[in-house]
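Number 10 in numbering that gives the first Met the number 0 belongs to position 11 of the sequence shown; there are no gaps in the numbering. Beta carbons are placed, not taken as given, at the ideal position from N, Cα and C, and that holds for glycine. Since this is a predicted model, take the numbers as computed values, not measurements.
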Amino acid sequence: MTIPTPTAPFADPAPAQHLERAAAALTAHGFTVEILDDAAAARTRVKELIPEGASVFTGASETLRLSGIDEDINASGRYDAVKPRGLVMDRATQMREIWRLMSTPDVIVGSVAAVTETGSLVVASASGSQLPGYAGAAARAIWIVGAQKVVPDLGTALRRLEDHCLPLENERAMKAYGQPSSLNRLLILNAEPHPGRGTVLLLREAIGF
Numbered sequence: 000m001t002i003p004t005p006t007a008p009f010a011d012p013a014p015a016q017h018l019e020r021a022a023a024a025l026t027a028h029g030f031t032v033e034i035l036d037d038a039a040a041a042r043t044r045v046k047e048l049i050p051e052g053a054s055v056f057t058g059a060s061e062t063l064r065l066s067g068i069d070e071d072i073n074a075s076g077r078y079d080a081v082k083p084r085g086l087v088m089d090r091a092t093q094m095r096e097i098w099r100l101m102s103t104p105d106v107i108v109g110s111v112a113a114v115t116e117t118g119s120l121v122v123a124s125a126s127g128s129q130l131p132g133y134a135g136a137a138a139r140a141i142w143i144v145g146a147q148k149v150v151p152d153l154g155t156a157l158r159r160l161e162d163h164c165l166p167l168e169n170e171r172a173m174k175a176y177g178q179p180s181s182l183n184r185l186l187i188l189n190a191e192p193h194p195g196r197g198t199v200l201l202l203r204e205a206i207g208f
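Right, dumping it as structure tokens:
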């Protein structure tokens with residue numbers, strides 16, 4: 000299968016009015032939304048939002064890696080970080096326990112492939128490890144979203160995922176795991192029915208895929 004080269008428009012930060020439109024729509028759909036200047040501001044805000052000692056799972060995310068949020072959560076000792084615990088557990092005998100830990104932490108932190116100006120979040124995954132927590136199993140969810148991920152509608156979001164995100168994730172997966180990625184699972188969050196559970200930190204700068 001030939002994977003297309005990412006297209007430039009999907010890498011460009013959306014203008015301020017588009018961010019505000021997306022934020023307003025997400026807010027109307029029950030999400031808590033904050034528009035922040037950059038990844039540094041998001042890094043500070045995440046520390047404020049997550050209480051010390053909370054169990055936290057981080058979904059695989061270039062946004063988290065590049066911002067330093069992944070390291071803050073998984074290597075600082077401030078939290079009960081799920082990912083390092085899972086890495087030392089026996090996947091042959093403890094896989095169900097690993098999935099339970101990933102699915103039901105106090106807080107799950109990650110990003111999305113796209114956010115629409117109509118108020119939806121779109122997430123894709125090869126393994127699906129972050130999807131139960133995002134969908135509602137985690138007590139709280141925090142998504143850090145770069146401005147380049149804001150798109151007009153769901154159709155454009157899916158096109159962004161296939162034409163832009165997949166080629167970049169495929170390249171990352173080949174370097175990290177020696178095998179390509181794939182769009183095995185797709186989650187679309189159209190609303191958050193539990194007020195205060197889902198927080199979107201929408202950045203004015205581009206970061207991640």
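With contacts defined as CB atoms closer than 8 Å, A10 and Q147 qualify as a contacting pair. Residue burial is scored here from C-beta neighbours: R95 has fewer than 16 other C-beta atoms within 10 angstroms and is therefore classed as exposed.
Here T31 carries a strand assignment [DSSP, helix/strand/coil].
Residue range 165–176 is occupied by the alpha helix (DSSP H) that includes R171. Residue pairing from DSSP places D79 in a beta bridge opposite S54. With respect to the C-alpha of K82, the residue from T92, A91, V108 having the closest C-alpha is V108. Between R44 and V111, the alpha-carbon positions lie close to 18 Å from each other. Note that the C-beta distance between A41 and L35 is below 8 Å.
When secondary structure is reduced to three states using DSSP, V87 falls in the coil class, being assigned neither helix nor strand.
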